[in-house]
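If you read the sequences in order, they're chains A and B.
With numbering that gives the first Met the number 0, the residue at position 66 of the first sequence is 65, and numbering never jumps.
With numbering that gives the first Met the number 0, the residue at position 204 of the second sequence is 203, and numbering never jumps.
Cβ atoms here follow ideal geometry from the backbone N, Cα and C, with glycine treated the same way.
Bear in mind that the values here come from a model prediction, so they are computed numbers and not experimental data.
Below is one structure, written out as structure tokens, with a few remarks after it.
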Amino acid sequence: MLELRMKYALNGILLYVISTVFVCYLSFRSVIQPTTWNSLFWIIMLFASINAVAKSFMQESRGRQLYMHTLASPQAIILSKVIYNVLLMISLSLICFLFYSLFIGNLVQDIPMFILCLILGSAGFSSVLTLMSAIASRTNGNLTLMAILSFPVQVPLLMTLIRVSKNAIDGLDPSVSYKFLIILFLINVVVATLSYILFPYLCRD
Amino acid sequence: MQKFFSLQLAFELEWWKFLAIALVLYTLIGGLLIDVPALPILHETIRNLYYHVTQWFGMMIILFVSLWHSIRYLSNFKMHHDFVAAEAANVGIYMGILGIVTGSVWAKFTWGAWWVSDAKLNGAAITLLIYFAYLILRNSMDEEQKRARVAAVYNIFAFTMLIIFLMVLPRLTDSLHPGNGGNPGFGGYDLDNTMKLIFYPAVIGWTLLGVWLMQVCLRIRTLNHKLLIKQFK
Numbered sequence: 000m001l002e003l004r005m006k007y008a009l010n011g012i013l014l015y016v017i018s019t020v021f022v023c024y025l026s027f028r029s030v031i032q033p034t035t036w037n038s039l040f041w042i043i044m045l046f047a048s049i050n051a052v053a054k055s056f057m058q059e060s061r062g063r064q065l066y067m068h069t070l071a072s073p074q075a076i077i078l079s080k081v082i083y084n085v086l087l088m089i090s091l092s093l094i095c096f097l098f099y100s101l102f103i104g105n106l107v108q109d110i111p112m113f114i115l116c117l118i119l120g121s122a123g124f125s126s127v128l129t130l131m132s133a134i135a136s137r138t139n140g141n142l143t144l145m146a147i148l149s150f151p152v153q154v155p156l157l158m159t160l161i162r163v164s165k166n167a168i169d170g171l172d173p174s175v176s177y178k179f180l181i182i183l184f185l186i187n188v189v190v191a192t193l194s195y196i197l198f199p200y201l202c203r204d
Numbered sequence: 000m001q002k003f004f005s006l007q008l009a010f011e012l013e014w015w016k017f018l019a020i021a022l023v024l025y026t027l028i029g030g031l032l033i034d035v036p037a038l039p040i041l042h043e044t045i046r047n048l049y050y051h052v053t054q055w056f057g058m059m060i061i062l063f064v065s066l067w068h069s070i071r072y073l074s075n076f077k078m079h080h081d082f083v084a085a086e087a088a089n090v091g092i093y094m095g096i097l098g099i100v101t102g103s104v105w106a107k108f109t110w111g112a113w114w115v116s117d118a119k120l121n122g123a124a125i126t127l128l129i130y131f132a133y134l135i136l137r138n139s140m141d142e143e144q145k146r147a148r149v150a151a152v153y154n155i156f157a158f159t160m161l162i163i164f165l166m167v168l169p170r171l172t173d174s175l176h177p178g179n180g181g182n183p184g185f186g187g188y189d190l191d192n193t194m195k196l197i198f199y200p201a202v203i204g205w206t207l208l209g210v211w212l213m214q215v216c217l218r219i220r221t222l223n224h225k226l227l228i229k230q231f232k
């Protein structure tokens with residue numbers, strides 16, 4: 000929505016991800032351990048997602064928000080934002096994974112599992128951040144507040160993700176990871192439902 | 000001023016406040032004196048069950064009150080509900096801190112460290128962080144109606160996360176806590192049901208004390224609010 004109107008923002012995020020990966024490549028010249036590889040990847044993803052999704056409400060001008068509310072119901076707006084951000088983050092994470100394995104090397108043994116984990120993880124990040132961005136935009140677009148609000152939820156998400164993707168990297172049997180995938184899916188569904196129910200109250204002015 | 004401190008005031012307390020005092024005293028004295036089952040590793044630290052676990056129970060109940068009033072606020076937009084939700088969250092956080100401190104002491108003497116990486120401990124820390132964020136969010140807005148609305152929305156979110164992190168996740172992953180990850184629940188340790196005699200009154204006592212605390216804070220907040228309105232008239 001926002002990024003399609005502003006091409007430079009989309010390209011900016013892409014460049015951000017690629018240059019972060021490149022910086023990591025430069026600083027980790029030697030072959031790195033799977034654990035480091037994994038954590039580094041997810042930390043890059045975390046900050047990329049904050050940069051990418053935080054904009055979804057904050058950079059909208061007041062007038063444009065009002066205009067959107069005359070066009071569509073709040074539920075439609077938040078759903079479209081969540082879906083858009085999820086798609087954006089999934090493509091961003093795939094691009095990030097591509098460049099990451101190009102520069103630093105691909106250590107993943109079970110690639111379908113890792114990609115499933117990427118999809119669930121980016122969906123989780125973006126749905127949490129969309130709701131938090133909506134809340135933080137009510138407080139005069141305070142970015143610090145956005146970080147404070149979303150970090151407590153992102154940390155367990157990140158921990159679970161790191162554990163599942165470690166399993167995928169080591170090529171463990173998928174049955175080990177099912178439990179964690181269910182947790183990730185559960186958090187996604189709960190956050191999406193909450194945003195759907197609560198958003199109409201946020202935009203009433 | 001002298002009249003303020005007189006005994007007369009003490010007798011004007013409502014009955015449930017006496018009950019709160021009695022139950023908390025009973026917990027403090029009875030919890031330390033009554034016989035407990037002798038068990039390996041736990042030994043006498045099992046008495047912490049009366050404080051640590053019951054404080055978490057109290058916290059859950061008070062935070063549920065907060066959630067309830069946030070939902071009520073979103074349905075009828077009366078400022079009173081926002082005040083109750085805010086003060087209940089304050090008291091809930093206070094009890095949560097007590098719970099985490101007593102838990103930490105207990106962990107030191109049974110598991111050997113002040114903090115261990117356990118699903119429930121990390122969940123508790125994250126929950127407290129979420130509620131601290133709630134307080135900061137409240138303070139970041141000046142406009143009253145908007146603050147109440149946004150805070151109520153975040154409060155509902157926070158309580159849902161609390162349910163996930165404290166009730167759901169520890170049951171799915173391994174935890175050192177009893178009743179999680181294949182460990183037997185605490186009911187199995189309570190051989191002759193004497194522990195229940197203190198446990199349940201303690202839950203009620205801490206909750207009542209929390210409600211009392213909340214009521215006092217609420218009164219102060221309401222008075223401040225009235226004062227503010229008066230100044231502008």
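Q) Residues in the region 131–161 of chain B with C-beta within 7 Å of chain A's C-beta atoms, listed in sequence order? A) 132, 135, 136, 139, 140, 145, 148, 149, 152, 153, 155, 156, 159 and 160
Q. So residue 151/A is in the alpha helix (DSSP H); what residue range does that whole segment cover?
A. 142–169
Q) With a cut-off of 8 Å, does the C-beta of residue 17/B fall near any C-beta of chain A? A) no
Q: Assign residue 24/A to one of three DSSP states: helix, strand, or coil.
A: helix
(Q) To the nearest angstrom, how far is the alpha carbon of residue 112/A from that of residue 119/B? (A) 27 Å
Q: Let me know the secondary structure DSSP gives residue 33/B once reduced to three states.
A: coil
Q: Give a yes or no on whether 8 Å exceeds the smallest Cβ distance from residue 163/B to chain A.
A: yes
Q: For the alpha helix (DSSP H) containing residue 200/A, list its first residue and its last residue.
A: 177–201
Q. Can you list the residues of chain B that residue 200/A reaches, using a CB-CB cut of under 8 Å?
A. 73, 148, 151 and 152
(Q) At the level of alpha carbons, what is the spacing between residue 143/B and residue 75/B? (A) 15 Å
Q) Which residues in chain A sit within 9 Å of residue 70/B, going by Cβ to Cβ distance? A) The premise fails here: residue 70/B is roughly 10 Å from chain A at the closest Cβ pair, so nothing lies under 9 Å.
Q. Based on Cα-Cα distance, which residue from 167/B, 113/B and 154/B lies nearest to residue 82/B?
A. 154/B
Q) Along the chain, where does the alpha helix (DSSP H) that runs through residue 33/A open and close? A) 33–52
Q.
Which of the three DSSP states is assigned to residue 2/B in this structure?
A. Residue placement at residue 2/B is flagged as unreliable, the pLDDT there being 48, under the threshold of 50; the coordinate-derived value follows with that caveat. Residue 2/B falls in the coil class under three-state DSSP.
Q. For the alpha helix (DSSP H) that residue 230/B lies in, which residues bound it at each end?
A. 193–231
Q. For residue 72/B, does the count of other Cβ atoms within 10 angstroms reach 16, so buried, or fall short, so exposed?
A. buried
Q. With distances taken from CA atoms, which of 176/B, 19/B and 197/B is nearest residue 123/B?
A. 176/B
Q. Should residue 167/A go down as buried or exposed, given a rule of 16 or more other Cβ atoms within 10 Å for buried?
A. buried
Q: Sort 200/A, 194/A, 199/A and 202/A by Cα distance to residue 82/A and report the nearest one.
A: 194/A
Q. Secondary structure at residue 99/A, three-state DSSP: helix, strand or coil?
A. helix
Q | Coarse secondary structure for residue 12/B, derived from DSSP in three states | A | coil
Q. Are the beta-carbon atoms of residue 131/A and residue 95/A separated by less than 8 Å?
A. no
Q.
Considering only the alpha carbon of each residue, which of 95/B, 18/B and 46/B lies closest to residue 165/B?
A. 95/B
Q | Same chain only: Cβ atoms within 6 Å of residue 160/B, ignoring 5 sequence neighbours per side | A | 129
Q) Among the residues of its own chain, which have a CB less than 7 Å from the CB of residue 209/B, if the five just before and after it don't count? A) 57, 61, 90 and 94
(Q) Please state the DSSP three-state secondary structure of residue 115/A. (A) helix
Q.
Could you tell me the alpha carbon to alpha carbon distance between residue 116/A and residue 84/B, rounded to whole angstroms?
A. 37 Å
Q. For residue 85/A, which residues from the same chain have a beta carbon less than 8 Å from its beta carbon, with the 5 sequence-adjacent residues on both sides left out?
A. 121, 122, 125 and 126
Q: Consider the C-beta atom of residue 168/A and the heavy atoms of the ligand FAD; say whether any pair is separated by less than 7 Å.
A: Absence of the ligand FAD is noted for the structure shown, with no ligands found whatsoever.
Q.
Taking the alpha helix (DSSP H) that residue 94/B belongs to, which residues open and close that run?
A. 78–109
Q) Can you name the residues of chain A whose CB is closer than 8 Å to the CB of residue 128/B? A) 150 and 151
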